[in-house]
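Residue numbers (our numbering): 375 to 587. All C-beta atoms in this analysis are idealised placements derived from N, C-alpha and C, irrespective of residue type, glycine included. See below for the structure under consideration.
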Amino acid sequence: MNIKQILKNNVIWSNSINSERPEFFNELKKGQFPDFLWIGCSDSRVPAEQITGLSLGKLFVHRNIANQVIHTDLNCISVVQYAVDILQVKHIIICGHYDCGGINVAVQNIQLGLINDWLFYIRALYLKHQNWLKKIPEKKKADKLCKINIAEQVYNLGRLLIIKNAWERGQQLKIHGLIYSIYNGKLKDIGMSCSNKESLEDSYQTVMSKIIE
C-alpha cells in the first residue's frame with residue numbers, strides 16, 4: 375500500500391458515491407448536523423463510522439490513544455465545547471476497546487518514551503486497582519482496565535464545566551460509555567449513561583462496583 379493506491383481508492387469511492395447517491399455531496403455542502411460526538415481510541419481497528427453504521431456528517435469524532443478525556447488536553451476539550459455549544463449534539467459516546475495498546479502499556483509498565491506521559495493517568499488507575507487486578511489472568515486484567523478506563527473517562531467528561539453548564543441550562547445531552555470488541559465486532563454498553571450531575575455520580579458508583587466485583 376502506498377499514497378498512489380490511497381488516491382486511487384479515493385477516486386473509486388467518490389465515483390461510486392456519485393453514481394449510487396448523486397445528491398450525497400450536495401447534502402454535505404449544507405453543513406454538518408450530527409447528533410453524536412464520538413470520543414474513541416486512535417487504534418486503526420476501531421473506525422467509528424463503520425462500526426456504528428453511520429454515514430458522513432452523522433458523527434462528530436475525536437480520537438486519541440486510549441480514549442482519554444483529560445481536563446488539560448486543549449484539543450479534546452475544544453472538540454467537546456464545539457460539539458456541545460455549537461453543534462448541539464444530543465449524545466456523547468466514549469468508546470474504548472479490548473486489546474487496547476495504551477491499556478496494555480499501562481498494565482505492563484512498558485517504557486516507550488513520551489507516550490508514557492500521555493498514559494500517566496491510566497497507569498495511575500492500574501496502580502489504584504492493582505490489588506484485585508493482580509488476582510485475575512493477565513489478558514482479563516487488561517480488559518478489566520479497559521472498562522474501568524471508560525467509566526473514568528465518562529466521569530471526567532461529566533465533570534467538565536462545558537457539560538455542567540449544558541445540563542444546568544436544560545440542554546438535552548446524554549453521555550454513554552461503550553466498549554468495542556475487536557474479537558467479534560460488537561459494541562456493548564457498559565451501563566454508564568448519564569444526563570445530569572446526579573445520574574453521573576450514581577451510574578459511576580454502580581458501574582465501578584460491577585466491574586470490580
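Bridge partners - SER567, DSSP secondary structure assignment = Numbered from 1 along the sequence shown, position 193 holds the residue referred to as residue 567. Answer is HIS550.
Review point. What distance in whole Å lies between the Cβ atoms of ILE439 and LEU531, which are believed to be in contact at a cut-off of 8 Å?
Key: Counted from its first residue, the sequence shown places residue 531 at position 157. Counted from its first residue, the sequence shown places residue 439 at position 65. Actually they are not in contact, since the Cβ atoms of LEU531 and ILE439 sit about 17 Å apart, beyond 8 Å.
_For HIS503, report the span of its alpha helix (DSSP H) as first-last._
Residue mapping note: residue 503 aligns to position 129 of the sequence shown, counting from 1. 494-507 is the span of the alpha helix (DSSP H), which, as asked, contains HIS503.
Separation of LEU411 from TYR578, as counted between CA atoms:
Walking along the sequence shown from the start, residue 578 turns up at place 204. Walking along the sequence shown from the start, residue 411 turns up at place 37. For TYR578 and LEU411, the distance between alpha carbons rounds to 20 Å.
*asked:* Assuming the contact rule is C-beta atoms closer than 8 Å, PRO408 and VAL463 should be a hit. Round their C-beta distance to whole Å, please.
replied: Position 34 of the sequence shown, counted from the start, is the residue given in the question as residue 408. Position 89 of the sequence shown, counted from the start, is the residue given in the question as residue 463. With a Cβ gap of about 6 Å, PRO408 and VAL463 count as contacting.
- Query: Where in the stretch 436-474 do unbroken runs of the alpha helix (DSSP H), each at least 4 residues long, occur, reported from the N-terminal end onward?
  - Reply: Taken in chain order, the complete alpha helix (DSSP H) segments of 4 residues or longer contained in the stretch 436-474 are 448-455.
DSSP-derived helix/strand/coil call for LYS562: For the purposes of this step, residue 562 is taken as residue 188 along the sequence shown, with counting starting at 1. Strand at LYS562.
**Asked** How is ILE413 classed by DSSP in three states: helix, strand or coil?
**Response** To locate residue 413, count along the sequence shown from 1; it is residue 39. It is a strand residue.
For the alpha helix (DSSP H) containing LYS432, list its first residue and its last residue.
Against the sequence shown, residue 432 aligns to sequence position 58. DSSP places LYS432 outside any alpha helix (DSSP H), giving it a letter other than H or E.
- Item | Euclidean distance between Cα positions of ASP563 and TYR529 | On the sequence shown, position 189 is the one that residue 563 refers to. On the sequence shown, position 155 is the one that residue 529 refers to. Near 15 Å, if we compare the C-alpha coordinates of TYR529 and ASP563.
Please state whether DSSP places GLY532 in a helix, a strand or coil.
Taking the first residue of the sequence shown as position 1, residue 532 is located at position 158. Helix, per DSSP.
- Query: Straight-line CA distance for ASN490 to ASN523?
  - Reply: As a working note, residue 490 is residue 116 in the sequence shown. As a working note, residue 523 is residue 149 in the sequence shown. Going by the C-alpha atoms only, they are around 16 Å apart.
Collapsed DSSP secondary structure at GLN424 in the structure displayed: Position 50 of the sequence shown, counting from 1, holds the residue named residue 424. Note: GLN424 maps to helix in three-state DSSP.
Exercise for the section: Report, in whole angstroms, the separation of the C-beta atoms of ALA525 and GLY559, which I expect to be a contact under 8 Å. Expected result: Translated into positions along the sequence shown, residue 525 becomes position 151. Translated into positions along the sequence shown, residue 559 becomes position 185. Actually they do not touch by this definition, with Cβ atoms about 22 Å apart.
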